[in-house]
Amino acid sequence: MELSPFFKSLGLRYPIFQGGMAWVADGKLAAAVSNAGGMGIIGAGHAPAEIVKHEIDVAKSLTDRPFGVNVMLLSPHVKDVVKVILEEKDSIALITTGAGNPSEYLESFKDADIRVIPVVPSTGMARLMEREGVDAVIAEGMESGGHIGRMTTMALVPQVVDSVDIPVIAAGGIGDGRGLAASLMLGAQGVQMGTRFLVATESHVHPKYKKAVLKAKDIDTLVTGNYAGHPARVLKNKMAVKFVRDEKNEAQKNDPDFSGVEELGNGSLRRAVLTGDNETGSYMAGEISGLVKKEEPAAQILAEVTSQAEHLLSGGFAY
Numbered sequence: 447m448e449l450s451p452f453f454k455s456l457g458l459r460y461p462i463f464q465g466g467m468a469w470v471a472d473g474k475l476a477a478a479v480s481n482a483g484g485m486g487i488i489g490a491g492h493a494p495a496e497i498v499k500h501e502i503d504v505a506k507s508l509t510d511r512p513f514g515v516n517v518m519l520l521s522p523h524v525k526d527v528v529k530v531i532l533e534e535k536d537s538i539a540l541i542t543t544g545a546g547n548p549s550e551y552l553e554s555f556k557d558a559d560i561r562v563i564p565v566v567p568s569t570g571m572a573r574l575m576e577r578e579g580v581d582a583v584i585a586e587g588m589e590s591g592g593h594i595g596r597m598t599t600m601a602l603v604p605q606v607v608d609s610v611d612i613p614v615i616a617a618g619g620i621g622d623g624r625g626l627a628a629s630l631m632l633g634a635q636g637v638q639m640g641t642r643f644l645v646a647t648e649s650h651v652h653p654k655y656k657k658a659v660l661k662a663k664d665i666d667t668l669v670t671g672n673y674a675g676h677p678a679r680v681l682k683n684k685m686a687v688k689f690v691r692d693e694k695n696e697a698q699k700n701d702p703d704f705s706g707v708e709e710l711g712n713g714s715l716r717r718a719v720l721t722g723d724n725e726t727g728s729y730m731a732g733e734i735s736g737l738v739k740k741e742e743p744a745a746q747i748l749a750e751v752t753s754q755a756e757h758l759l760s761g762g763f764a765y
């Protein structure tokens, strides 16, 4: 597949980023994706800086290919995480950012020759980021797993493409070659996939979590935080159903206090990833879960997705 100049400049074989999923996207998974020709990304999430540093060291020990780090701007550890990334500037090709505006850190990253690619949920945010001087944007629709915006990928991506002159990467509900082909036709230069890599062979996610994703159907996700704030798409399980019920009940009160449901969510993703906890764990996953049917090595995922996209873009309709 012919890559855009932007993706060529990153030294990639495929126009595919691996999503920086908190507690999921560790150094081993990022290295596997990078070694196979995609852009592996370590998810910093809310982890302390020393954990992020450890995962960077793991990735460095497993690959000499470019990889990145996803910075969660709402993390209480964000300043320390940024400091670690700057210290590791010779090893990190780029950062992606989520849940906020990275403008405060842009100059430091530019000085360190680290590219900055924020996730954006709207054209307004995309234009702001372009004015601030980022290198590209990831236009992510609400079909994605984890924290989401309000627009769908199909509607968001072409509008962002028309709104900015910097490269656009599509994300949200993309899990196979059809999604990649569609994204390129919408004007994106590549895609970011999260849920598909969550069940990669190299992913350390607990087997119960992986099994839940592999068994999921198209309607097996729901969104928590519609009332409490910070909406997130997760698989339906006991914890998710309780969260939605409790926050809805609280929202109906004259003076709602969402501290109880927020406490319910604290640490829930980490518990799901590490222990497969179905009672209090949050199984973040996108709406493409129904497309994901088997656990495969990252290299096979990248090759399959790209091969299918190439076939479709060359005029083939059957797959």
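Residues in the sequence shown are numbered from 447 upward in steps of one, following this note's numbering. The beta-carbon is built from N, C-alpha and C at its ideal position, and this holds for glycine as well. Quick caveat, the model's predicted, so the values are computed rather than measured.
One or two residues paired with residue i in a DSSP bridge
| i | result |
| --- | --- |
| G486 | F513 |
| I584 | V565 and I615 |
| M447 | Bridge partners of M447: none, in fact. |
| M518 | G544 |
| M685 | Looking at the DSSP assignment, M685 forms no beta bridge with any residue, so it has no partner. |
Within 7 Å, strictly: CB atoms of residue i and residue j
| i | j | result |
| --- | --- | --- |
| T670 | F689 | yes |
| P613 | F452 | yes |
| I487 | A477 | no |
| M518 | A490 | yes |
| R815 | S609 | Because residue 815 is not part of the residues shown, which for the chain are 447 to 765, the question remains open. |
| E733 | E533 | no |
| A582 | V566 | no |
| V528 | Y551 | yes |
| V659 | S735 | yes |
| G713 | Y655 | no |
| D472 | E496 | no |
Helix, strand or coil at residue i according to DSSP, with G and I counted as helix
| i | result |
| --- | --- |
| M597 | coil |
| G711 | helix |
| R459 | coil |
| M467 | coil |
| A616 | strand |
| L668 | strand |
| G592 | strand |
| L759 | helix |
| V690 | helix |
Extent of the continuous alpha helix (DSSP H) run through residue i
| i | result |
| --- | --- |
| R573 | T569 to E578 |
| I502 | A495 to L508 |
| V562 | Here V562 belongs to no alpha helix (DSSP H); instead the beta strand (DSSP E) covers R561 to V566. |
| V524 | V524 to E533 |
| P653 | P653 to K661 |
Contact test: residue i Cβ vs the ligand FMN heavy atom, cutoff 6 Å
| i | result |
| --- | --- |
| G761 | The ligand FMN is not part of the structure shown, which contains no ligands of any sort. |
Cβ separation of residue i and residue j, assumed to be a contact under 8 Å, to the nearest whole Å
| i | j | result |
| --- | --- | --- |
| G579 | A539 | Contact flag wrong, Cβ pair sits at about 17 Å. |
| A731 | V680 | 7 Å |
| T598 | P564 | Contact doesn't hold; Cβ gap of about 19 Å is too wide. |
Residue i: first and last residue of the uninterrupted beta strand (DSSP E) it sits in
| i | result |
| --- | --- |
| V637 | G636 to M639 |
| G544 | L540 to G544 |
| A476 | Counting along the chain, A476 falls outside any beta strand (DSSP E), though it belongs to the alpha helix (DSSP H) covering G473 to N481. |
| A678 | A678 to L681 |
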